[in-house]
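A.B. asks: Numbers 1 to 209, taken from UniProt numbering, label the letters of the sequence shown in order. Just dropping this structure here.
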Amino acid sequence: MADEIIFYTNPMSRGQIARWMLEEVGQPYQAVILDFDTTMKADDYLAINPMGKVPAIVHRGKTVTEAAAICAYLADAFPDAGLAPPADQRADYYRWLFFAAGPVEAAVSNNALGLVVPEGRERSIGYGNFDQTIDTLEQAVSRDQWICGDQFTAADVYVGAQIDWGLSFGTIGTRPAFEAYAARLRERPAYKRQKQLDNALIAQMQRPA
Numbered sequence: 001m002a003d004e005i006i007f008y009t010n011p012m013s014r015g016q017i018a019r020w021m022l023e024e025v026g027q028p029y030q031a032v033i034l035d036f037d038t039t040m041k042a043d044d045y046l047a048i049n050p051m052g053k054v055p056a057i058v059h060r061g062k063t064v065t066e067a068a069a070i071c072a073y074l075a076d077a078f079p080d081a082g083l084a085p086p087a088d089q090r091a092d093y094y095r096w097l098f099f100a101a102g103p104v105e106a107a108v109s110n111n112a113l114g115l116v117v118p119e120g121r122e123r124s125i126g127y128g129n130f131d132q133t134i135d136t137l138e139q140a141v142s143r144d145q146w147i148c149g150d151q152f153t154a155a156d157v158y159v160g161a162q163i164d165w166g167l168s169f170g171t172i173g174t175r176p177a178f179e180a181y182a183a184r185l186r187e188r189p190a191y192k193r194q195k196q197l198d199n200a201l202i203a204q205m206q207r208p209a
């Protein structure tokens, strides 16, 4: 079927973000589980994503990679799900979605690897420094229930995944605003379905042969 969504993932990856978004959208999809060292690096998958990484989706003959892009794409492709604000009300939606995909992703990853921006060189890197980035992220989730006020959107899936993972793995320090936001996210039925599906796959993968 031309409208079928093919979802390429590994449960121990950022593919969890895309699956959460797919569960929020509520459309049927076919999940293809890839192995990091074999099928993810095979020629047929490299033709889909030359980076050899997941997640990726193929929909209507088009490929979308990068978790944030997948979230935004699915919100637009399935407007009845209500996961994007009206076009004239998307300032916060775009602002914080791309902030999480750019400065937050880079700052958290670099900090986890022990890569520190030298003092006085903050202007040379997009996020400035780790502390400033996390302080700004806190502002994004402190004003309202969701990023775009009362409406839960794809921006909350992506921003929320960054915070949820950061709190779980200790790469983002605990703060009341982060804990409260994550608690709201964890109550969403789609979040729970995603965790159940991916945790079951992880348990299967870790089972002794």
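Beta carbons: idealized from backbone N, C-alpha and C, even for Gly.
(1) Between which residues of its own chain and Met-21 is the CB-CB distance below 7 Å, once the five residues before and five after are set aside?
(2) On the premise that Pro-11 lies in contact with Leu-201, defined as a C-beta separation below 8 Å, what is that separation, rounded to the nearest angstrom?
(3) Are the CB atoms of Ala-68 and Ala-101 nearer to each other than 8 Å?
(4) What are the uninterrupted segments assigned as alpha helix (DSSP H) that are 4 or more residues long and contained completely in the UniProt domain "GST N-terminal" (2 to 82), given in chain order?
(5) Does the Cβ of Ala-209 have 16 or more other Cβ atoms within 10 Å, making it buried, or fewer, making it exposed?
(6) How would you call Thr-9, buried or exposed, if buried means at least 16 neighbouring beta carbons within 10 angstroms?
(7) Quick check on DSSP: helix, strand or coil for Gln-145?
(8) Where Asp-37 and Asp-44 are concerned, what is the direct C-alpha to C-alpha distance, given to the nearest angstrom?
(9) Compare the beta carbon distance of Ile-6 and Gln-27 with 8 Å and say whether it is the shorter of the two.
(10) Thinking just about the alpha-carbon of each residue, which of Cys-148, Lys-192, Gln-196 is nearest to the one in residue 222?
(11) Between Ile-33, Ala-180, Ala-107, Val-108, which lies nearest to Ser-142 when the distance is taken from Cα to Cα?
(12) Should Gln-194 go down as buried or exposed, given a rule of 16 or more other Cβ atoms within 10 Å for buried?
(13) Per DSSP, Gln-151 is paired with what?
(14) Quick one: Cα of Asp-144 to Cα of Thr-171, how far?
(15) Jot down the residue ranges of each uninterrupted alpha helix (DSSP H) in the UniProt domain "GST C-terminal" (86 to 209), minimum 4 residues, whole runs only, in chain order.
(16) Cα-Cα, which of Glu-122, Asp-92, Asn-49 is closest to Asp-150?
(17) Is the closest heavy atom of the ligand SAH to the C-beta of Ala-72 under 7 Å?
(18) For Asn-110 and Gln-204, what's the separation of their Cα atoms in angstroms?
C.D. replies: Walking through what the data contain:
(1) As a working mapping, residue 21 is identified with position 21 in the sequence shown. The residues Ile-70, Cys-71, Leu-74, Ala-154, Val-157, in chain order, have a CB closer than 7 Å to that of Met-21 in the same chain once the five nearest residues on each side in sequence are set aside.
(2) Translated into the one-based positions of the sequence shown, residue 201 becomes position 201. Translated into the one-based positions of the sequence shown, residue 11 becomes position 11. Correct: roughly 4 Å between the Cβ atoms.
(3) Residue mapping note: residue 68 aligns to position 68 of the sequence shown, counting from 1. Residue mapping note: residue 101 aligns to position 101 of the sequence shown, counting from 1. Closer than 8 Å, so yes.
(4) 15 to 25, 43 to 46, 67 to 77
(5) Here residue 209 corresponds to residue number 209 of the sequence shown, with the count starting at 1. Exposed.
(6) As a first step, residue 9 must be located in the sequence shown, where it is residue number 9. Buried is the call here.
(7) Indexing the sequence shown from 1 puts residue 145 at position 145. The answer is coil: DSSP assigns Gln-145 none of H, G, I, E or B.
(8) Here residue 37 refers to the residue found at position 37 when the sequence shown is read from its first residue. Here residue 44 refers to the residue found at position 44 when the sequence shown is read from its first residue. Cα to Cα, the separation comes out at about 14 Å.
(9) Position 6 of the sequence shown, counting from 1, holds the residue named residue 6. Position 27 of the sequence shown, counting from 1, holds the residue named residue 27. Not in contact: Ile-6 and Gln-27 (Cβ atoms no closer than 8 Å).
(10) The structure shown has nothing for residue 222, since the chain only spans 1 to 209.
(11) As a first step, residue 142 is located in the sequence shown; it is residue number 142 there, counting from the start. For Ser-142, the nearest C-alpha among the options comes from Ala-180.
(12) Within the sequence shown, residue 194 is the residue found at index 194, counting from 1. It is buried - the Cβ of Gln-194 has at least 16 other Cβ atoms within 10 Å.
(13) Residue 151 sits at position 151 when you count from the first residue of the sequence shown. Cys-148, per the DSSP bridge assignment.
(14) In the sequence shown, the residue the question calls residue 144 occupies position 144. In the sequence shown, the residue the question calls residue 171 occupies position 171. Taking the straight line from one Cα to the other gives about 24 Å.
(15) Correct list: 91 to 99, 105 to 112, 130 to 140, 154 to 169, 176 to 186, 189 to 206.
(16) Position 150 of the sequence shown, counting from 1, holds the residue named residue 150. Selected option, being the one with the closest Cα: Asp-92.
(17) With respect to the ligand SAH, the structure shown offers nothing to examine, as it has no ligands at all.
(18) Counting from one through the sequence shown, the residue named residue 110 turns up at place 110. Counting from one through the sequence shown, the residue named residue 204 turns up at place 204. Roughly 31 Å between the two C-alpha positions.
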